[in-house]
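Okay, structure first, notes after.
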Amino acid sequence: MSQSCSIEKCVRTSRGLCDCCQQNLCLQHLNEHNVLLISQLNPLTDEINALEDRLKTLNIQNTISNSRQKIEEWRQDCYKTIDSIFEQKCQELDQLIKEKICQQREELNRVHLKISELINAQETTRKDIDSLTSTIRQLETNMNNIEQTCFTINTRPLIIDETFILIKKTTKPELDLSTLSPVYRTIHHSNGDFYSITCNVRYLLIHQHPNLCLVDGEMKIAKQTLWSYGAIHDMCWSSTLDRFIVLGKKNIFLINENTMSIDNAYAIQEQEWLSCTCSDTVLFTSTNTYGSSIMEFTLLPAIELIREWKYPLTCSRDEGINDILFNNGNLALMVTNDSKKSLRIELRYAKTLDRIWILELNIKCTQDVAFRCCSLTSNEWLIVDYETGRLIQITKDGKVKKTIQYNPSPYRAILFDVQDYKTIIFTELISSMTFIYDSTLLVCAFKNGEHFITLSTHIRTMNHFSFDEDQD
Numbered sequence: 001m002s003q004s005c006s007i008e009k010c011v012r013t014s015r016g017l018c019d020c021c022q023q024n025l026c027l028q029h030l031n032e033h034n035v036l037l038i039s040q041l042n043p044l045t046d047e048i049n050a051l052e053d054r055l056k057t058l059n060i061q062n063t064i065s066n067s068r069q070k071i072e073e074w075r076q077d078c079y080k081t082i083d084s085i086f087e088q089k090c091q092e093l094d095q096l097i098k099e100k101i102c103q104q105r106e107e108l109n110r111v112h113l114k115i116s117e118l119i120n121a122q123e124t125t126r127k128d129i130d131s132l133t134s135t136i137r138q139l140e141t142n143m144n145n146i147e148q149t150c151f152t153i154n155t156r157p158l159i160i161d162e163t164f165i166l167i168k169k170t171t172k173p174e175l176d177l178s179t180l181s182p183v184y185r186t187i188h189h190s191n192g193d194f195y196s197i198t199c200n201v202r203y204l205l206i207h208q209h210p211n212l213c214l215v216d217g218e219m220k221i222a223k224q225t226l227w228s229y230g231a232i233h234d235m236c237w238s239s240t241l242d243r244f245i246v247l248g249k250k251n252i253f254l255i256n257e258n259t260m261s262i263d264n265a266y267a268i269q270e271q272e273w274l275s276c277t278c279s280d281t282v283l284f285t286s287t288n289t290y291g292s293s294i295m296e297f298t299l300l301p302a303i304e305l306i307r308e309w310k311y312p313l314t315c316s317r318d319e320g321i322n323d324i325l326f327n328n329g330n331l332a333l334m335v336t337n338d339s340k341k342s343l344r345i346e347l348r349y350a351k352t353l354d355r356i357w358i359l360e361l362n363i364k365c366t367q368d369v370a371f372r373c374c375s376l377t378s379n380e381w382l383i384v385d386y387e388t389g390r391l392i393q394i395t396k397d398g399k400v401k402k403t404i405q406y407n408p409s410p411y412r413a414i415l416f417d418v419q420d421y422k423t424i425i426f427t428e429l430i431s432s433m434t435f436i437y438d439s440t441l442l443v444c445a446f447k448n449g450e451h452f453i454t455l456s457t458h459i460r461t462m463n464h465f466s467f468d469e470d471q472d
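This is the structure we're talking about:
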């Protein structure tokens, strides 16, 4: 038996259940409800358009103007303090010389008066003449001393460090591995590609044979240039140089993202490099050998070697540094032990290499592939365990926070475009690079020469801890 429309006073037969009100309605009222729902889309469109317009017209300088004003006030106060001390010390100098001049003037007046008295009296003695002559000679000496006065000025440099101004950054949300979203977009790799990758806030830098390519946030190649300098072992970004740094087997190259020019900045002869990372002032590289060294370079005015940290400070003779990563004044090291086939992560002070904490990982190193780590928000770390297909999140104090399985098996991870929380994963199943939204992570992996990406990729094979960049 047919059912009547649920609308009061409507006698028409019900034709279906309305999705919005969950009532059985006739065709006319179903259409009316549908029109009502559609009409509500227009205000939503207006709201999203308004938000887009606000974003387009957002003035960053206005946003930070108050903060900049406070810093400017601090600077002006410092200038006033320096000027005040300067004026005070100048007045002290003036006062010292004025006192000597005043004493000299008083003595000159006294002698001048004595001579005038003797002249007026028209009477003097040899003793008076000798005394006046001696006094005048002394006054002449005093005048010479005044004219040649030299003060010893002892100053100390004004030491101002960064702690004089503390800027509290907005706390970034912590990464939740359980919220990794599905694949958003993919880039395929081909035979001949080197699988190193890095990023700045604008682009990913990847190699697609025969070119180095800059990939934008929509996974489209924005710029490219021919790469003819051999294997690429690692990449990183230097905000100080405003350049990408590409680590070859024995060379350091600088890539200008605007012109895509390639400059050979440094070369070594005896050793080979494996990984690199940058602070604001220093480039760190690790060597491709057991008993790995960490080499430290200046960035400005030129890339020049400062020091080489060697074993046993860096690691044992039978250990190798797979990866090195700088974050917030510290260096994270991924270290493998050849005899134990074990893996650990260490956090060290970048300036001294003193160990902050160490975490032995329950991972058996059975494959000849380097292990990589990734820095996360809140000074946390992510380890990509390709052996068992896991992502391991490490807290800032060196404890395991969360572990998840990730399929396809991941290889490497890195943050890219943190504001929009985009992720790239390099996986085992297909040769591709893939964006994942609603995340801050990039994971990579490989299998049978095929690759898939989620934020950054470095694929290398290992032979007695000698890594070479695979091209297929």
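Number 226 in our numbering belongs to position 226 of the sequence shown; there are no gaps in the numbering.
Quick reminder that beta carbons are idealized off the backbone N, C-alpha and C, glycines included.
Report all residues from its chain with a CB closer than 6 Å to the CB of residue i; omit the five preceding and five following residues, and keep chain order.
i: residue 234; result: 196, 247, 275 and 276
i: residue 286; result: 274, 275, 292, 294, 321 and 324
i: residue 307; result: 296
i: residue 266; result: 252 and 303
i: residue 301; result: none
i: residue 100; result: 146
i: residue 3; result: 14 and 24
DSSP beta-bridge partners for residue i?
i: residue 244; result: 237 and 255
i: residue 392; result: 383 and 403
i: residue 309; result: 294
i: residue 213; result: 206 and 224
i: residue 266; result: 252
i: residue 175; result: The partner list for residue 175 (beta bridge, DSSP) is empty, contrary to what the question assumes.
i: residue 327; result: 330
i: residue 278; result: 283
i: residue 374; result: 382
i: residue 349; result: 330
i: residue 335; result: 321 and 344
i: residue 16; result: 25
i: residue 272; result: Bridge partners of residue 272: none, in fact.
i: residue 4; result: 13
i: residue 167; result: Note: residue 167 sits in no beta bridge, so no partner.
i: residue 232; result: 248
Could you check how far apart the C-beta atoms of residue i and residue j are, in whole angstroms? I think they sit under 8 Å.
i: residue 366; j: residue 341; result: 7 Å
i: residue 319; j: residue 290; result: 7 Å
i: residue 255; j: residue 205; result: 7 Å
i: residue 347; j: residue 357; result: 5 Å
i: residue 241; j: residue 299; result: 6 Å
i: residue 177; j: residue 391; result: 6 Å
i: residue 244; j: residue 198; result: 6 Å
i: residue 378; j: residue 174; result: 5 Å
Can you name, in chain order, every residue of its own chain whose Cβ lies under 7 Å from the Cβ of residue i, other than the five neighbours on each side?
i: residue 137; result: none
i: residue 264; result: 251 and 253
i: residue 330; result: 347, 348, 349, 350 and 356
i: residue 128; result: 118
i: residue 203; result: 214, 215, 216, 222 and 257
i: residue 473; result: Shown here, the chain extends from 1 to 472; a query on residue 473 therefore has no answer.
i: residue 37; result: 20
i: residue 9; result: none
i: residue 359; result: 344, 345, 394 and 398
i: residue 236; result: 198, 245, 276, 277 and 278
i: residue 124; result: 118
I need the boundaries of the alpha helix (DSSP H) containing residue i, first residue and last residue.
i: residue 105; result: 65-121
i: residue 191; result: No alpha helix (DSSP H) contains residue 191, which DSSP labels as neither H nor E.
i: residue 134; result: 126-147
For the beta strand (DSSP E) that residue i lies in, which residues bound it at each end?
i: residue 287; result: 282-287
i: residue 44; result: Note, residue 44: premise wrong, no beta strand (DSSP E); alpha helix (DSSP H) at 41-56.
i: residue 198; result: 197-199
i: residue 156; result: Taken as a continuous stretch (DSSP letters only), residue 156 belongs to no beta strand (DSSP E), as it is neither H nor E.
i: residue 356; result: 355-361
Does chain B have any CB closer than 8 Å to the CB of residue i?
i: residue 390; result: Among the chains of the structure shown, chain B does not appear; only one protein chain is present.
For residue i, which residues in the same chain have their Cβ closer than 8 Å to its Cβ, ignoring the five residues on either side in sequence?
i: residue 18; result: 24, 25, 29, 30 and 33
i: residue 139; result: 104, 107, 108 and 111
i: residue 158; result: 82
i: residue 401; result: 380, 393, 394 and 395
i: residue 309; result: 293, 294, 295, 296 and 353
i: residue 211; result: 224, 225, 226 and 227
i: residue 338; result: 290, 318, 319, 320 and 465
i: residue 39; result: none
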